[in-house]
Structure formats: C-alpha cells, structure tokens
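Colleague: Residue numbers (my numbering): 1 to 1134.
The beta carbon of each residue, even a glycine, is placed where N, CA and C say it ideally should be.
Predicted, not measured: the structure shown is a model, and the values here were computed from it.
I am attaching a structure below and will ask some questions about it afterwards.
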C-alpha cells in the first residue's frame, strides 16, 4: 500500500516536472521571441474573447481584430494590445469599441499571484451606457450584479479580482461616451471624455472630465471620486456647468417631474456605498434663465440658487438657502424638505417641507397692481405628488400691514381616463390681524378674484378703515365653471369697515363717515352700511350688493335708507347719471319738507354704464312737503304721503293743498321710458281761484271759494299732455263781472272739461257747465301765458245775464277778436266798467283788456243798468291795451227811440283826441242805462265823452239836453226844502220839474266825478252846480251852486247889458237866488243854504256861498260841528 502511494507521488512529481519544464521551455521561448519583437497571439483570440465575455453583461459578445504581446522598456513588464475590440449587446448593437486596448502585465505580479492587468488604456474608445426599463444600468465593460435594490450598483466592480489584484490604473482618453435611457428615449453624448481610475494607498481614485451634449445643449462636467477600501465609501465631488436639468429630471423621474426647464450649474459632494446607497450629499447649484412648470402654469426663471445638504437616513434636504428670482416672485427661503418614495424611485410620493423666509416679493402684474412684499413667512406642510395636492398645515405671513396665520390646501387633480383636468381646488382657514385701507386692500387683492367687487373698491371706495378680517375657503376641484366663476360657498371673507368714504355711483355725492361691514363670497359681494351721510342726508341700512360676478355684466344693487330734508335727498337722486327729477322737468330746489326714503339702485356690473341701463326701486314717506314753482309759481304745500319707485316708473300718493284752502288727494304715476306710455296724475279734492294756475289758466277773475273736483292729467308733472276734469261749483262763488252775473254759494253747478296741453298753450276741446240758470258748452284754447287764444262757445246761457253764442280768436299781436250773436246780453256791468276805467287789476269780475279786444255783437236785446233795455243792438268795438280805438253802437229804446254811439276824433291839438258821441231822443233813458241816473225823463240831446291819452286815468265829458224832466231827485228836493222852496220840493217828489235846457261839463277819475258849470233851467227853477261826487261805496260829495226860483221871471233882468251880469251872476241863476252846498258821504250828504245870499246881487252872491268841506275821513253829519255862520240846515230826513 505504501509502495503504491509512493509510486503515485513519484509519477505526479514527474508530470509536474515535465509541465514545469515545458512551461519553462515555453517561457524561455516566448521571452526569446519577445526579444525579437511583438508576438501575435491570435491563436488565443477565442480564449480572450471568452474571458472578456465572462466580464460582460449576460448575452453580450466580444470581438477582437487581433492580439499581440510585446515587452515594454520596464524590466519584467509586458504589454498586451487588443486591437479593434468591439462589444455587442443582446440586440446586436455595438455597445463599446476601441481601436486599441493596451494592457500591461508585470511578471512579478504574476509570480506573486496577483492576476490581472496592471494598467488598462484606451484611445478614442466608444462606450454606450444603457439604462434599462428595469432601471438597471448596463455598463458594457463589466458584468454587474442585479441586486434587489434599484439603482446603480458598483460593488461587483470594486470587489472583483480585476480591481483587487494587480490593477493600478485604467484610463480612457478622448473617449466618446453615450448614455441612452430606454424609458424616456433620451440620449446624451460625451464626445471627448477623459476617464481614469487609479489605485492609491487607501483605495481608488477616479476622474471624469469633459463635455456632454444633450440635444442642442452642451454641458461641462468634472467629477472626481475617491474610494476608501477600508470604509467602503465612495466620495464624489462633481462640478457641472450648463446642465439641462429638465432633461435630467425627465430621464430619471419622468416628464411630470420636469418642473424646471433651465440650465443648471454648480457643484456637489456626495458620499455613497458601492451598492449605490447615498450616505450624504451637499449641493450648491445655480439655475440660469428658463422656465419653471408648476401646476400646469409656466413661470419664467431669472435666477435660482441654492445650497442644500441631504440626509439619506431621513431622505431629507436641509436647505441652507434657496434664492430665487422668478417671473412672479423673488426672495430667499431656508428650511427642510424631505422626499418620500414608494415602490418606484422615479415617482416620489410626497414632499414634506418646513420653510421660512424673511421676505418674498410677489410680482404678478396680471393679478396685482404692484409687487407685494410678504414678510416673516413660515410654511409647514406636504405636497402629495400623485394627487397633486399641496397641504400647508401651518402658515404665518405678514403683508400689507396684516398678520395672517392658518392653513391652506391646494388641489390640482388630473382628469380621469384622459379627460381634461378639472379646475383647481383650494381649502383655507385664515386668521387675519390688522387693518387695511382701500389702497393696501387693492394691493393684495388678485384681479381675477371677485373682479366686480374689486372694481367697485378701486373705482368707488375712496377711503375706509377695514379690520376684523376673517377668511375661509372651500373651493372643490372642478367647481370653477368654464366662465371662471366661483361657487358662492367656495370662499368667504368677512370684515368690518369704518370711516368709509364711498361713491354709490361714481359721479354722485359720496357717502362719508360710513360704518358697517361686508362679506366677499365666491361669486358675490355685500357691503352693509349701518350709518353714514351723503351731504346733508343721513344714511342707514345701506347696502352695496353684487349678487354674482360671473356671468359678467349682471345687475348690482345699491340700497340705502335716507332720512332728512326732501330737497337734500332729491338733490342726491337728481345728480348724474340718475337725474330722477330732471327727467320729469323738476329740480330739487322746488321741494322742501321732511322725507324718509328706502331706495334701491340697479346698475349692470361694468365700469361704464349709460343712464338708460340704470333701474330704481324704493319707497319713501314725506310730510310737511312743499313743491314750489310747479306751473306759474303755484305751490303745492302741506303734502304728506308716500312714494313708490320702480325700475320704470314712479308713483306718488299724497294729501296736500294745491293752494290756500284747497286740499287735494293726488296719485302721480311717472313713467321714465317713452315706450311705457305717458305718465299721469290723478287729483281729487278742492281748489279755489289758484287752482286754474296749475293748469295754466287764470281763474281769479271769476272764481272765489272751494270747488270740488276730480281730475286726471296725462303727462309729466309740470308738463301735462291732457287733462280731464269734473268739478262741482256748488260751494263756490262764480262771478262773471262783465255780464253782471254771480252764482252764489249753495247754487248747484257742475263742470266738465277736457284739456290738451301743447307747447304753445292749452286747448279745451270739450267744455260744459250746467246748473241752476247756467248752461255753457263749447271749446276754448289758451296761450302759454294763460290768456284766451280761441273760443267756440255754441251756447252761453246765464240766467238774466246772457244767452248767445260766441267765437273768439287772438291775432298775432295778441289782440282778441270776439263775435257774439244771440237773443240777450246784459251789458250794463260791462258799460259801467268801460266808463269807470276798471279792469286795470284783477278785482273780482273786472275786465283785463290785455293787448286789446275787438268785438262784433248782434244781440236782440241788450240790457243796461236800471232795467233799460235796447233792442236790435249792433256793436262794433275795438280797444287796444291802452285805449279805445273804435266804437259804433246802434239800438232802439223801449219806445222805439233810436240810440247811436260812435267814437269820433276831437280835432284838438292838445288834450283828448278821441271822444264818444251819443245821440238819442231819450236822453233820460240813456242816462239811466249808462250812468244809473233814474231822475231824468225824456229829453233829446247829445253826450260827449272825451278819452284821455294812454296813461292818463279817467275821462272827461260834456252833456247838452233839451226838454227833459227831473223826477224823484231826493238831493234836489232837500236843497229846495233847505231854501224854503217847499213847492218845488213837492214837485220834485211828485210830478217832477221840467227843464228846457241843461248843460254841463264833467270829468271822471279814480271813482270821482267832477262837475264844472253844470246848469239846468226851466220856467219853475234854475240851478247851477260845481264840485265833485265820489262814486261807489265810501264816496264823498262836495258841491256848491245856486238855486233861482221862478227862473223865467227871476232871470229876466239878467238879459240886460252889464246890470244883468251884476244882478243875476252866473248863467242859470237869477236876481233872487240862494247859494247851497252839499258835502259828506255821497250816500247821505249834508245840505247847507245861506239865506243871506237871497238879498245879495249875483256878482256878490258867490262870495257868500257857505264854505263847508267834508273830507273822506270826516265824521258823520250828525256828529259834525256847526258852521260858524250858522246857515239854515234842512233836516237829514224829509
């Protein structure tokens, strides 16, 4: 057994010896051959390719052109040259190539057991690195392990024999390295890269330097790495310039992670294990100009710089500083950011942050009018990447002198199944401390949020102190409509406001001193005003309401309760653009009184609104209201009622007084738009003579007392179009002075009329008056001054005064042309007024001639004063504003005696130029009818009435008559009795006294008739008179004259020359005559006779006439003192 074992050992040693001998022989031969030059080792190509493929990723192939071995200048060192080396991937694509790979081997290393090349060098090599969809990186020069951990794993490379034995250095120079990512399809190229790995005392040292081309961009990179073998740590120092970080993020984390599209420069220090686990990192980076994509919005980057340290154990970045200058913001942030990954390292699940900043300036011109500095910022929260949800759990910030704290969540979910993404969502609950004014409020109010309210603040809120702000938001994703509108419950900002100065409407008087509060919601805005003033008007319960912001141009409302003087409230409402009163031709100055109004003004929510797009609603109450200068200075007073304001109309219901003692009830409905038809006003109540002025008709000449009426006018107040009126005159006194007719109170009479108001006046197209003894019907028109313009009265019947038809028209000069035809007219009052010059003012029933009157009348019976009636009367009359121009009247008296009255020229160079001449065979009848003198009977004669020049009051006249009789003349009877001529006095009271001749001159002025050289003579008596007689109530008479009894004999000697004048005296007196004097009130004068004058020759008789004057203010006759000469006085009653 032992022998057999020994024999086996000997044989083994022999084999080993033979092998060693053969190896030695081969080595000796190889050494000899190498000494002669390079030795081809193509024989070993399959073996070398096999050896290389064992180090490559599975499935990779290696191909070699040729192999040679030569000795280097270093003793014991040999260089193996592998030429035209190519490595092909599984797809048959060339993954690496090199024209020549040089490897050096040391014989000593081999003998020492250190297998492997000492150095490896390649020039102009090409290397293609692929990151597979599995996220593993294929480096074609070495086979890497596939651990479960994803990412780059270098442990196999660093722990393999190739690097742990004879290896000292490996170098690629002028190499082209291409990186290709199968997931993104992106590739980078380093066209002239320098790479080396060298062994040092503690491990390995590596360098990568060159430029990388990524599309059209080029980036420089320099990376140094140290591997400490004992620690098992790789320390990498990287310095890069102009790297397209967007491509990097897209490559490693997908396109959604490419939030930055800008070049990155900077440096990084990273420590990681051979397995790819990062132990620590510190990064300093700089982003140049580019774009930042967040939430689907791109912002331009001017600058981003940061310095951060990474804690791999917590997967957290400690940001020492993060400076940024973006299109919308600028500032600096520091703090902590941590990233959480799930199963896919390319898809971070969340990013947590705890950040702070001293100041960030937000610049968004499309949102804010100026940059907004935000100070003292603290943000703590988390961004959930898959959900695209940002949750700020704690936020603190200061801006616009406000301190804000709370929490905010922003959501930007993606659409389902390829649908478009819904609108963003936001949830916030913020506490806001501090106050704002409008300027600072606008500086932080985004222009795209609640734009209508923001525009109102910008345009109309001049000043305010805003505080107690509170903000909540609950905007769900997809809640924003296509038009950009927020749901109303999506947000709520409440606030208080004081010292508010605001414009309800821009052009109007502002609201001042306002106090209240408001709320901004997602799609609405309301500002409540508890108290304020607009001018002198007190405002309470005011409101500015924007019910919706979206859709655009929807109605907004301005509501308020106003208390104060009506003229002040209306003054505000009549400002542009409302012009509430100007639309109806009224002005605030016409109103006075106390009012309270609740008003709502609507205007579309846009900056410029034409006046016709405003609408108004509201109610108002008023009392003690006065409306002045409605028409012709008329005043509606003591009004009390209410106003109902609608968008297109105004209704006023009121109790008031149209004028003194004229209460009315009024309902006025005013339409603002023509297409709604005319406005109307209904008035019922009582009016008196002032009521006609409201309708442009003067009625003071004929109306006194209350008239009950019901009227409805169509048109604006003060600018009527038509009027229908029903009136009851039972309680009024109606006087038609020219006809001498007066309707007393209590007599039934009603009236109906229909008026149409035109620019040039008023037309009564239907008039009817009926009552006891009254019937009037026809049509009238009045000019704008209230004067009669035209008339067509088919029937004018007034009992005992008129029964005729009349037409009238006014010419271009304003003169009135009248025509009257009918059976009866009482002209006595008219004649009285003509002769007495009345009508210069508006006394009751008086005439106002205006510019002039022309009258043509044909009346069957014309009644004058005291029952005198003329038949077959024909009158042609013309009078201008100043005086009578023409008159021609003819008629027949009761006994058929003709009467003719004409106007003639006097021919005088001075004094009156015109005179009325009346000729008749019944002068007594004329005197009775014209002057009301009943004591004259019969007679024929002539009466002239001279008309003074314009401006001279009254008239003068001259009377001459023959064969007349004086009867029932109480004053003459008293004179005769006072002169003891009882027979004559009895005749005067009985049969009367005949006078053969009568003559006298008279003058009338202002109610006083002055007589001069008035005398009457007959066979029984002669009498003279001079003086004046006051006409009408309160008139005073003062007459002096003489009475000559038995005038035919008594005046006989008066015909003698010289002596007759001495003995008789004045014409109409006699040798025996006595003087008399009449004085006192015309209605009951005193008569005095001087008995001594009977014995006095006529030439001296006048010197002895009694002298007693009674002025209008004199005491009654029975209280007057006795005259000094104690004349004989006839008793007051006889």
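How many angstroms separate the CA atom of residue 702 from the CA atom of residue 652?
Modeller: Taking the straight line joining both Cα atoms gives about 32 Å.
Colleague: How would you label residue 812, buried or exposed, when you count the other beta carbons within 10 angstroms and need 16 or more for buried?
Modeller: By the 10 Å Cβ count, residue 812 comes out exposed.
Colleague: Identify every residue that forms a DSSP beta bridge with residue 301.
Modeller: The partner list for residue 301 (beta bridge, DSSP) reads 290 and 326.
Colleague: What do you reckon, are the CB atoms on residue 947 and residue 884 nearer than 9 Å?
Modeller: Yes.
Colleague: Between residue 320 and the rest of its own chain, which residues show a CB-CB distance below 6 Å, the 5 nearest in sequence each way excluded?
Modeller: Excluding sequence neighbours, residue 320 sits near 307.
Colleague: Measure the CB-CB distance between residue 432 and residue 376 and report whether it falls below 9 Å.
Modeller: Their beta carbons are not under 9 Å apart, which means residue 432 does not touch residue 376 by this criterion.
Colleague: Taking residue 776 and residue 753 to be in contact with their CB atoms under 8 Å, please state how far apart those CB atoms are, rounded to whole angstroms.
Modeller: Wrong, their Cβ atoms sit about 10 Å apart, outside the cutoff.
Colleague: Check the DSSP bridge columns for residue 741 and list the partner residues they point to.
Modeller: Note: residue 741 sits in a beta bridge opposite 736.
Colleague: Put residue 271 into one of helix, strand or coil per three-state DSSP.
Modeller: Looking at residue 271 - three-state DSSP - the assignment turns out to be strand.
Colleague: Using only the alpha-carbon positions, how far apart do residue 386 and residue 417 sit?
Modeller: Each residue's alpha carbon lies about 15 Å from the other.
Colleague: Quick test of your reading: residue 298 and residue 287, contact by CB under 8 Å. State the CB separation rounded to the nearest angstrom.
Modeller: The pair is not a contact, with the Cβ atoms about 14 Å apart (cut-off 8 Å).
Colleague: If you follow the alpha helix (DSSP H) that residue 573 is in, where does it begin and where does it stop?
Modeller: Element bounds for residue 573: 566-573.
Colleague: Since residue 45 is in the alpha helix (DSSP H), which residue starts that stretch and which ends it?
Modeller: From DSSP, the alpha helix (DSSP H) with residue 45 extends over 45-55.
Colleague: Which residues bound the alpha helix (DSSP H) around residue 924?
Modeller: Where residue 924 is concerned, the enclosing alpha helix (DSSP H) stretches over 923-931.
Colleague: Give me the DSSP bridge partner(s) of residue 516.
Modeller: The partner list for residue 516 (beta bridge, DSSP) reads 497 and 529.
Colleague: Out of 360, 384, 367 and 379, state which residue places its alpha-carbon closest to the alpha-carbon of residue 373.
Modeller: Cα-wise, what sits closest to residue 373 is 360.
Colleague: Considering only C-alpha positions, which residue in the set 166, 127, 556 and 760 is nearest to residue 103?
Modeller: It is 166 whose Cα lies nearest to the Cα of residue 103.
Colleague: Among the residues of its own chain, which have a CB less than 6 Å from the CB of residue 409, if the five just before and after it don't count?
Modeller: Contacts found: 391 and 427.
Colleague: Kindly indicate which residue of 1023, 893 and 638 has the alpha-carbon position closest to the one of residue 622.
Modeller: Out of 1023, 893 and 638, 638 has the C-alpha closest to the C-alpha of residue 622.
Colleague: Fully enclosed by the stretch 389-431, which beta strand (DSSP E) runs are 3 residues long or longer?
Modeller: List check, beta strand (DSSP E) in window: 389-399 and 402-411.
Colleague: From the DSSP output, in three-state form, read off residue 354 for me.
Modeller: Of the three classes helix, strand and coil, the one that applies to residue 354 here is strand, per DSSP.
Colleague: Contact between the stretch 83-100 and the stretch 112-132 is defined here as three or more beta-carbon pairs at a separation below 8 Å; is this criterion met?
Modeller: Yes, the stretch 83-100 is in contact with the stretch 112-132.
Colleague: Count Cβ pairs between the stretch 490-504 and the stretch 526-544 that sit closer than 8 Å; are there 3 or more?
Modeller: The stretch 490-504 vs the stretch 526-544: in contact.
Colleague: With DSSP run on the structure shown, which of helix, strand or coil describes residue 553?
Modeller: Of the three classes helix, strand and coil, the one that applies to residue 553 here is coil, per DSSP.
Colleague: My assumption, with CB atoms under 8 Å, is that residue 863 sits in contact with residue 904. Please give the rounded CB distance.
Modeller: The Cβ separation is near 26 Å, so there is no contact.
Colleague: With C-beta atoms as the reference, is residue 1004 less than 9 Å away from residue 1016?
Modeller: Not a contact, by the Cβ cut-off of 9 Å.
Colleague: So, at 6 Å on beta carbons, what are the nonlocal neighbours of residue 1061 in its own chain, with the 5 sequence-adjacent residues on each side left out?
Modeller: Model confidence at residue 1061 stands at a pLDDT of 47, short of 50, so the residue's coordinates are unreliable; what they give is reported in the following sentence. No residues qualify anywhere along the chain.
Colleague: Going by beta-carbon coordinates alone, are residue 915 and residue 945 separated by less than 9 Å?
Modeller: The answer is yes: Cβ separation under 9 Å.
Colleague: In the DSSP assignment, the beta strand (DSSP E) including residue 668 goes from what residue to what residue?
Modeller: Residue 668 -> beta strand (DSSP E) spans 662-671.
Colleague: Looking at C-alpha atoms only, which residue of 405, 517 and 483 is the closest neighbour of residue 472?
Modeller: It is 405 whose Cα lies nearest to the Cα of residue 472.
Colleague: Taking one C-beta from the stretch 510-517 and one from the stretch 436-451 each time, how about it: are there three or more such pairs within less than 8 Å?
Modeller: No contact exists between the stretch 510-517 and the stretch 436-451.
Colleague: Taking 8 Å as the threshold, find out whether the stretch 577-585 comes into contact with the stretch 547-561 through three or more Cβ pairs.
Modeller: At 8 Å Cβ cutoff, the stretches do not touch.
Colleague: Excluding the five sequence neighbours on either side, which residues of its own chain have a C-beta within less than 6 Å of the C-beta of residue 844, listed in chain order?
Modeller: Any reading at residue 844 needs caution, since the residue's pLDDT is 44, under 50, leaving its predicted position unreliable; the model's value is listed next. Contacts found: 735.
Colleague: Suppose you measure from the CA of residue 1101 to the CA of residue 1034; what does that come to, to the nearest Å?
Modeller: With a pLDDT of 46 at residue 1101, under the threshold of 50, the predicted position of this residue should be treated as unreliable, and no value is reported.
Colleague: Measuring straight from C-alpha to C-alpha, what distance separates residue 816 and residue 882?
Modeller: If I take the Cα positions, the gap works out to 14 Å.
Colleague: Residue 963: which of 368, 941 and 206 sits nearest, CA to CA?
Modeller: The candidate whose alpha carbon is nearest that of residue 963 is 941.
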